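Number of protein chains: 2
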Amino acid sequence: MAQGINRRVVLAARPVGAPKPSDFALDEAPIPEPGPGELLCRTLYLSLDPYMRGRMSAAKSYAKPVDIGAVMEGGTVSEVVRSHNPAFAPGDIVEGRTGWQAYGLSDGTKLRKVDPALAPITTALGVLGMPGLTAYVGLSYLGQPKIGETVVVAAASGPVGGTVGQLARLAGCRAVGIAGGPEKCAFVRDSLGFDACVDHRAPDFAEALAKSCPDGIDVYFESVAGHVLRAVLPLLNPFSRVPVCGVIAHYNETEPPPGPDHLPALIRATLVKRITWRGFLVFDFADKEGEFLAHVGPLVRDGRIRYREDRVDGLENAPAALIGLLEGRNFGKVIVRVGAEPGR
Amino acid sequence: MAQGINRRVVLAARPVGAPKPSDFALDEAPIPEPGPGELLCRTLYLSLDPYMRGRMSAAKSYAKPVDIGAVMEGGTVSEVVRSHNPAFAPGDIVEGRTGWQAYGLSDGTKLRKVDPALAPITTALGVLGMPGLTAYVGLSYLGQPKIGETVVVAAASGPVGGTVGQLARLAGCRAVGIAGGPEKCAFVRDSLGFDACVDHRAPDFAEALAKSCPDGIDVYFESVAGHVLRAVLPLLNPFSRVPVCGVIAHYNETEPPPGPDHLPALIRATLVKRITWRGFLVFDFADKEGEFLAHVGPLVRDGRIRYREDRVDGLENAPAALIGLLEGRNFGKVIVRVGAEPGR
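From first to last, the protein sequence lines stand for chains A and B. Reminder that position 326 of the first sequence reads as 326 in my numbering, one-by-one numbering, no gaps. Count along the second sequence from 1, then add 1000; that gives the number in my numbering.
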C-alpha cells in the first residue's frame, strides 16, 4: 500500500478572473503513511463547490487560501484503508476534507462516519452534507419563514437552493426558484416541486420574477448577487430577510464592475422596507449538524426532499468541472468520482 | 381666536434633486375650529429632520407623500389653546405631529404631554424625542454593543448620532464619530465625549477613520451611506452589525449615481464577514418609548447625555433651514421657533 502512487490536483497558479485549466496541475506523489492517531483514506468521491474559487485567491477571506503547489481543498467521501485511530476502522465510509487527491490523511477531527444504509453515500457531500446544512440553517435560523410567506431562492437547481425551496414548501411557504435555462427551471418545478421557477437568462427575467411573486418576497436566499439580486430588490417586502451564503456572480471579478452604482438603491430599500441582510458561513453553525441530520435525513430517505447529482468521472476532470460550475454549466450537485466504491 | 390667521408652509412643488425655496410656499388660512374630541394646538417649536425630504417625493416609501398644496408634515411642541378632548387641557404642553404651521388640530392620538420640569421642552423633539428614541432602539436592539467593542456613528454631531455615541460610551464601548468639518468634530470629541471623531470632508478621511478604529468596527450606525459607508466597509469586523436609519447622502438623487458599482463589494463583505444589516424606522419601536424615557430621561437631566440645538427663528425660515440640513449645514438638532413659549 505504502508503495502506491497518490494522484493529486494542486493549485498551479492563482487565477486572474475566471480560473483556467492551467491554474491547476495533476501530479503524483507517494501515498502517505499515517502517523500515530492518523488514518489513511482512499477517496471515493470529491465534492466541487463555488466557495473553492475563493480559496484559489490570495485575497483575505474567512479561510486561508490554498498555497501554490498545495493540494486543492475539498470535501470528500472516502473509505478508511489504514487506521491508527481507535475511532475509525478499515472499511469505514467517512466524510471529511481530504481534498483533491486519491488518498488523504486525517487525524480523525472534522471526520464523520457515513451510514451507507441511510442514503447513497454521495449525499454526505450534498443534500445531507455541507450544502444541505447551509440550506437548513440559512432558511431556519436566518430566513425564519412563516406560513404563507414567499421564499425566493437563487441557484435553485443546485444542492443548496433546491433544498431551501423544498424545506420552504414543507414549512407552508410559496417557493419560487431562480435558475439558468429552461431545462433547469423545469426540473425545479416538476421534480423538486417548487411553485414556480424563473429563468434568469431570459430577457424578461425581472418581469417574470415579479409575476411569480404576486405577494412580493419575504425571504430571499442569496447565493448569486449580480443581476439576480437587482431583479429581487424591488420585490422585497417590508420586514423581509435575506440570508447571504454566496456571491457566485462576483467570485471571478478582479475589480468593481462598471456603474451605475447600485449600492445606494440597496441601502435605501433596506431602510424603507426594514430589510435584514445577514451573511453566514455554514462553519458557524457546525453545532446544528445533529439537528439538521435528524430533521432532513428522514425527509431525504422518504423522498420528500429530492436532489440531483451531476457526476463527473475521474479526478483529472475536476478542474474543468469546477470551471463549468462557476459558469453555471453544472446541473445539480457536482460530484467527482475519484475511486471505486467498495463492492462495486 | 377662531378669527385669527394661521400661517402655514405648504408643499408647492415636488423637488427634483435638492429642494429649492420655490418648492415651498408660505400661505395663510383661518385658524381651524376643533371638532368633537379634538383640540387646537398653538405651535411653539417645529422639528426639522432628514426624513422630510422623502415625504416631498411622490416615490413609494414607508409613509405616503405630502400632497401638493398640503401643509408640510413635521413634529412639533405646542401649547393646547382649546380642547374638546378630556385628556388635554388648555395650557398643556404637548408633542405631536401638527406640521409646519402656527396652529394645528389633533384628535389626541399620537400626542403626548411634555413635562416642562424634566428638561427644556424642545428636547421632546430631539434627545428625548424621535431622534433620541431612534438612537436608543437602533443601538440597543439592533446594534447590541458589547463592552469593549467599537461603535462608529455617522452624523455624530446631530441628535441621533450624538446620542448613539454617548449611549455607546455608557455601555463600555469605544465611540467613534464621523462628522462634517473640524468644528463639528471638536464638538463631538470635547462636548459629547466621544473617543474620536473623524471629518468626512478631509482628504485623508478613510485613513483617519482606520486609525481611529485600531480594532475594527463592531457596530456601524448608518444614517448617511455614500462615501462614508465606503470608508467604513473595509473596517467592519466579523459578525458586525449595521443598523440603518437613514441614507442622507442619497435623498436628493434622481437616478443611480455613476459607477463603479459598489454593491458587489458590499454583498461580498456581508458574506465573508457575516455582517448583519438591518433597516429600521423609529415608528416600528413606538412601544419602547416608555423604556427609553425611563432610561435616557435621567441621563439627560443629570447631564450625562448632552446635546446641541441649532435654533432657527420663525416659520418662514423653515424651508431654507431644511435645505441647509440636507446639505449638512446645520450644527445640532434643528428646531424652528414658531411661537412664543407661555410666560416668556
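Every residue, glycine too, gets a C-beta built ideally from N, C-alpha and C. On a predicted model such as this, the values are computed, not experimentally measured, just so you know.
Cβ neighbours of residue i in the same chain (closer than 6 Å, five flanking residues each side left out)
i: alanine 206 of chain A; result: Ala231
i: valine 188 of chain A; result: Ala156, Ser157, Gly177, Ala179, Phe194, Cys197
i: glutamate 149 of chain A; result: Cys173, Asp218
i: glycine 1104 of chain B; result: Cys1041, Thr1098
i: serine 1061 of chain B; result: Gly1054
i: glycine 328 of chain A; result: Gly180
Closer than 7 Å to chain B by CB, residue i
i: threonine 270 of chain A; result: yes
i: glycine 172 of chain A; result: no
i: arginine 306 of chain A; result: no
Residue-level contact to chain A via CB, residue i, 7 Å cutoff
i: glycine 1216 of chain B; result: no
i: alanine 1225 of chain B; result: yes
i: methionine 1001 of chain B; result: Caution applies to methionine 1001 of chain B, whose pLDDT of 45 falls short of 50 and renders its modelled position unreliable; the value that the coordinates give is listed next. Answer no: the Cβ-Cβ gap between methionine 1001 of chain B and chain A never drops below 7 Å.
8 Å Cβ cut-off: residues of chain A touching residue i
i: glycine 1246 of chain B; result: Leu271
Span separating the alpha-carbon of residue i from that of residue j
i: phenylalanine 283 of chain A; j: alanine 1320 of chain B; result: 53 Å
i: proline 1030 of chain B; j: valine 1009 of chain B; result: 14 Å
i: aspartate 23 of chain A; j: proline 243 of chain A; result: 32 Å
i: histidine 277 of chain A; j: glycine 138 of chain A; result: In the sequence as displayed, the identity of residue 277 of chain A is tryptophan instead of histidine. Roughly 12 Å separates the two Cα atoms.
i: methionine 1 of chain A; j: proline 1234 of chain B; result: Caution applies to methionine 1 of chain A, whose pLDDT of 45 falls short of 50 and renders its modelled position unreliable; the model cannot decide the point.
i: proline 1260 of chain B; j: proline 1021 of chain B; result: 33 Å
i: glycine 1143 of chain B; j: proline 1032 of chain B; result: 44 Å
i: arginine 1201 of chain B; j: leucine 271 of chain A; result: 24 Å
i: arginine 1306 of chain B; j: arginine 304 of chain A; result: 60 Å
i: proline 145 of chain A; j: alanine 135 of chain A; result: 13 Å
i: leucine 325 of chain A; j: valine 127 of chain A; result: 17 Å
Beta-carbon neighbours of residue i, restricted to chain B and to distances below 8 Å
i: glycine 259 of chain A; result: Pro1256, Pro1257, Pro1258, Gly1259, Pro1260, Asp1261
Chain-order list of residues whose beta-carbon lies under 7 Å from that of residue i (same chain, five-residue window excluded)
i: valine 1338 of chain B; result: Thr1043, Leu1044, Tyr1045, Leu1046, Ala1102, Leu1315
i: threonine 122 of chain A; result: Tyr45, Val77, Glu309, Ile335
i: cysteine 1213 of chain B; result: Thr1150, Val1152, Val1176, Leu1235
Nonlocal neighbours in the same chain, by C-beta distance under 8 Å from residue i, ignoring five residues either side
i: glycine 37 of chain A; result: His84, Asn85, Asp107, Gly108
i: glycine 75 of chain A; result: Leu46, Ser47, Asp49, Glu95, Gly96, Arg97, Leu125, Gly129, Met130
i: alanine 1089 of chain B; result: Val1080, Ser1083
i: alanine 269 of chain A; result: Leu233, Pro234, Leu236, Ile275
i: glycine 1181 of chain B; result: Asp1199, Arg1201
i: glycine 216 of chain A; result: Thr150, Leu235, Leu236, Asn237, Ser240
Listed from N- to C-terminal order along the chain, which residues in the region 51-68 of chain A have their beta-carbon within a distance smaller than 7 Å of any beta-carbon of chain B?
Contact residues of the region 51-68 of chain A toward chain B are Ser61, Tyr62 (C-beta to C-beta distance below 7 Å).
Compile a chain-ordered list of the residues in the region 262-291 of chain A whose CB is closer than 7 Å to at least one CB of chain B.
From the region 262-291 of chain A, only His262, Leu263, Pro264, Ala265, Leu266, Ile267, Arg268, Thr270, Leu271, Val272, Lys273, Arg274, Ile275, Thr276, Trp277, Arg278, Gly279, Phe280, Leu281, Asp284 have a Cβ closer than 7 Å to chain B.
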